[in-house]
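Chains as they are written, first to last, in the numbering used here: chain A, 93 to 422; chain B, 5 to 278.
Note that CB positions come from ideal geometry on N, CA and C, so glycine has one too.
Since the model is a prediction, treat every value here as computed from it, not as a measurement.
Worksheet: the structure to be examined is printed underneath.
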Amino acid sequence: MALKLVVLTGVLFAGFLTSVCIGDVFVAPKEALELIMGGTSSASAPGVADILTQIRLPRTLIATAVGAALAVSGYILQALSRNALADPYLTGVSSGAGLAVALAIILGLNFSLMPACAFIGGLAAALLVAQMAKRAGGLSVTRLILGGVAISAVCGSLITLIITQSGGAPQAQGIIFWLAGGIAGRGWSDLGTLSLYTIGGIIATLLLSKQIRVLSLGDETAQALGVDVSKLQWLLLACAVLMCGAAVSASGLVAFVGLIAPNLARMLFVRDERIEVIASALIGAVLVTLSDLAARTLGQGQELPLGTLLSLVGGPFFLYLISTSKGEDV
Amino acid sequence: MQDSNISIANTDVLELENLSAGFNTKPVVQGVSLKVQRGTVTAIAGGNGAGKSTLLKTIARLIPAIDGRVIIEGKELSSLELASLAKKLAYVPQDIANSRELTVEDMIALGRNPHQKWWQWRTDHNDKSALENAIKATELGDLRGKSVSEISGGERQRTAIAMSLAQEPEILLLDEPTAHLDFKHQKSLMQLMLHLKSQGMTIITCLHDLNFISQVCDQVVCLKKSPKGPSTQLFTGAPQDVLTRENLQSAFDTELRIIRDSANPDSSTVFFGL
């Protein structure tokens, strides 16, 4: 188990380093490490240091944080709904957060307020979907996902309306740019808020991991074991939506990370909620880092949307989960 | 020690006062009054849909009482904190939902939750000994490493009972504990209940099996469904006094006969049917 975690961390580190080194200007790994650690490198051409420390490093760190946040957010949503098919994107939480961010951009709000807006939007969507999908002993997967699809569609149309009705305001351009799901152009200033929410959310989830296990026995049994079930559910939902909101406000709508990462974590490790949270975060970080790398290197002359690779992998994975019926009655 | 045992005996550990239980202000059963002494076994009997489980869940505070009161050791149920209630009172549902691969031992260990800090995974000496005692009492030693999803319904039921024993409660509520058990394990459940009782545990259980009730329980409360409106309390008392042919025919609306074991005339063994 420890070995697998070390390997995962190693994979994340390798992915991180590759992402920092590869781009229009190639930087040798050794040189990159020197620049990251010490700030200067004797071998580097002028400008390389700036590209690395001002553009690639913050961008890769953001990708890492977005992946970890979405993955743990998905892990929580799956635990709450007792369903392995729940994920921030499929349940409409991301779209709700997205609509709120679009509104915030058009109103010209400061970027530091985005996560709060995303939180409110995501929470509203989560509550709406949960209300629709409620049934004894958990949430119905069919209703959850159908409700999520419906909410995503409504939020998507509203975002389109906002863009088209804005009369070509420069903010509309900003929404389109952000919507495509990309972290191009994000820098150190964006990383602060995001990492705060992500690290805080992961720590909170780890602290709650024992209660997540108790909750898996069902609401009644959990309450009989002394758990204030509705308080716990609210706390977990708040954690999930906060992390998802922070990720969405930084990177737009990125699908499937929250679905793939926790499921892979459960496949790789024997059941231990603490390990699953950490492994989900690591796997999510690897997925988004590599996806971002692919997005900016595979496109001919222009960047692909960040979610391209993820959807390419995530869609079939989702179908696989459905076909093995991991979703129903989980 | 001896004195304290005597002084806590014959005290009411739990009392129901004119209790109405049900969902969303609509009572399923109403007007139940009952006194339960420490170290006794009480059965809740009655036909299907009479509200046995609803009554039990209300005592466990899983659903709020609609009217009347539940009093535990002199304190009103609703005034107790959830965690301190869970140290006093354990509830075992008919079936525990657990979809994922928790081992038998891991699941039983969750019974320690009310005794631990909410974020705490580490188990201390008390947790470990409570876990071992629970496993021993339910004879689950051979299955402790198995996944809960791959054991039988009866084994899962025993795991659930073991989890509640790990809680080290004073009052144990069991909802249809014999439902998934074969004859052998029903018998060991009887022995377990009598053993727990001898250690001062108070047990309240929903049961269909009249034979089981007559052999294990000190008191039986029988609910009867009413054609219109909620169920009511039909009779209450010691099994040998109240499990009469007339009472039971009225409770279940069907003919039955009572046959006593001639070799053991004190045991009121009930056979019902043709």
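Residues that residue i contacts on chain A, provided the C-beta gap is smaller than 8 Å
{"i": "L106/B", "result": "R305, S308, R363"}
{"i": "L114/B", "result": "R305, V306, L309, L317"}
Beta-bridge partners of residue i, as assigned by DSSP
{"i": "A279/B", "result": "The first residue shown for chain B is 5 and the last is 278, placing residue 279/B beyond what the model contains."}
{"i": "K201/B", "result": "In the DSSP output, where bridge partners are listed per residue, K201/B has none listed."}
{"i": "G50/B", "result": "L227/B"}
{"i": "V152/B", "result": "Beta-bridge pairing links V152/B to no other residue."}
{"i": "E21/B", "result": "R73/B"}
{"i": "K39/B", "result": "E19/B"}
{"i": "E80/B", "result": "I75/B"}
{"i": "P31/B", "result": "G26/B"}
{"i": "T107/B", "result": "S151/B"}
Below-8 Å beta-carbon distance, residue i vs any chain A residue
{"i": "D25/B", "result": "Here residue 25/B is Ala; the residue named in the question, Asp, does not match the sequence. Cβ-Cβ to chain A under 8 Å: no for A25/B."}
{"i": "Q124/B", "result": "yes"}
{"i": "I100/B", "result": "yes"}
{"i": "N117/B", "result": "yes"}
{"i": "H184/B", "result": "no"}
{"i": "V17/B", "result": "no"}
is_contact[residue i, chain B] using C-beta, thresh 8 Å
{"i": "L317/A", "result": "yes"}
{"i": "K302/A", "result": "yes"}
{"i": "D320/A", "result": "yes"}
{"i": "E420/A", "result": "Confidence at E420/A is low in this model, with a pLDDT of 47, below 50, so its placement is unreliable and the value that follows should be read with caution. No, no contact with chain B."}
Whole-angstrom distance between residue j and residue i, CA atom to CA atom
{"i": "G53/B", "j": "A217/A", "result": "38 Å"}
{"i": "S204/A", "j": "A296/A", "result": "22 Å"}
{"i": "H119/B", "j": "A87/B", "result": "8 Å"}
{"i": "G318/A", "j": "D311/A", "result": "11 Å"}
{"i": "G4/B", "j": "V32/B", "result": "The question about residue 4/B has no answer here: the residues shown for chain B are numbered 5 through 278."}
{"i": "P173/B", "j": "G35/B", "result": "27 Å"}
{"i": "Q257/A", "j": "R174/A", "result": "41 Å"}
{"i": "A314/A", "j": "S308/A", "result": "8 Å"}
{"i": "L385/A", "j": "V405/A", "result": "15 Å"}
{"i": "G350/A", "j": "A189/A", "result": "15 Å"}
{"i": "M335/A", "j": "A157/A", "result": "10 Å"}
{"i": "K140/B", "j": "K122/A", "result": "59 Å"}
{"i": "D142/A", "j": "V103/A", "result": "26 Å"}
{"i": "I251/A", "j": "S281/A", "result": "25 Å"}
{"i": "S11/B", "j": "Q203/B", "result": "Caution is warranted here: a pLDDT of 45 is assigned to S11/B, below 50, making its placement in the model unreliable, and the coordinate value is therefore given only provisionally. Their backbone Cα atoms lie some 15 Å apart in a straight line."}
{"i": "E154/B", "j": "R148/B", "result": "12 Å"}
{"i": "D7/B", "j": "W326/A", "result": "With a pLDDT of only 44 at D7/B, under the threshold of 50, the placement of this residue in the model should not be trusted; the figure read from the coordinates follows. Taking the straight line from one Cα to the other gives about 48 Å."}
{"i": "G43/B", "j": "T236/B", "result": "26 Å"}
{"i": "Q265/A", "j": "L411/A", "result": "34 Å"}
{"i": "F211/A", "j": "V96/B", "result": "38 Å"}
{"i": "E395/A", "j": "G115/A", "result": "11 Å"}
{"i": "A138/B", "j": "A338/A", "result": "45 Å"}
{"i": "S230/B", "j": "K150/B", "result": "45 Å"}
{"i": "I154/A", "j": "S341/A", "result": "11 Å"}
{"i": "Q41/B", "j": "A176/A", "result": "46 Å"}
{"i": "Y181/A", "j": "A347/A", "result": "5 Å"}
{"i": "G259/A", "j": "G284/A", "result": "33 Å"}
{"i": "R126/B", "j": "V45/B", "result": "34 Å"}
{"i": "G159/A", "j": "K96/A", "result": "19 Å"}
Contacts that residue i makes with chain B (C-beta to C-beta distance below 7 Å)
{"i": "R151/A", "result": "Here the premise fails: no neighbours, minimum Cβ distance about 34 Å."}
{"i": "T313/A", "result": "P97, I100"}
{"i": "A299/A", "result": "According to the sequence shown, residue 299/A is Leu rather than Ala. Ordered by position in chain B, the residues that pass the 7 Å Cβ test against L299/A are W123."}
Beta-carbon neighbours of residue i, restricted to chain A and to distances below 9 Å
{"i": "L147/B", "result": "Going along chain A, no residue has its Cβ under 9 Å from L147/B, so there is no contact; the nearest lies around 16 Å."}
Contact list for residue i against chain B, beta-carbon separation under 8 Å
{"i": "T400/A", "result": "Chain B residues near T400/A: none, gap ~32 Å exceeds 8 Å."}
Amino acids of chain B, ordered along the chain, whose beta-carbon sits closer than 9 Å to that of residue i
{"i": "R366/A", "result": "W125"}
Interface flag, residue i vs chain C, CB-CB below 8 Å
{"i": "T256/A", "result": "Structure shown: chain C not included; protein chains present are A and B."}
Members of the segment 83 to 98 of chain B near chain A, C-beta cut-off 9 Å: E85, L86, A87, S88, L89, A90, K91, L93, A94, Y95, V96, P97
Interfacial residues, the segment 62 to 86 of chain B to chain A, with Cβ spacing under 7 Å: A64, L66, L86
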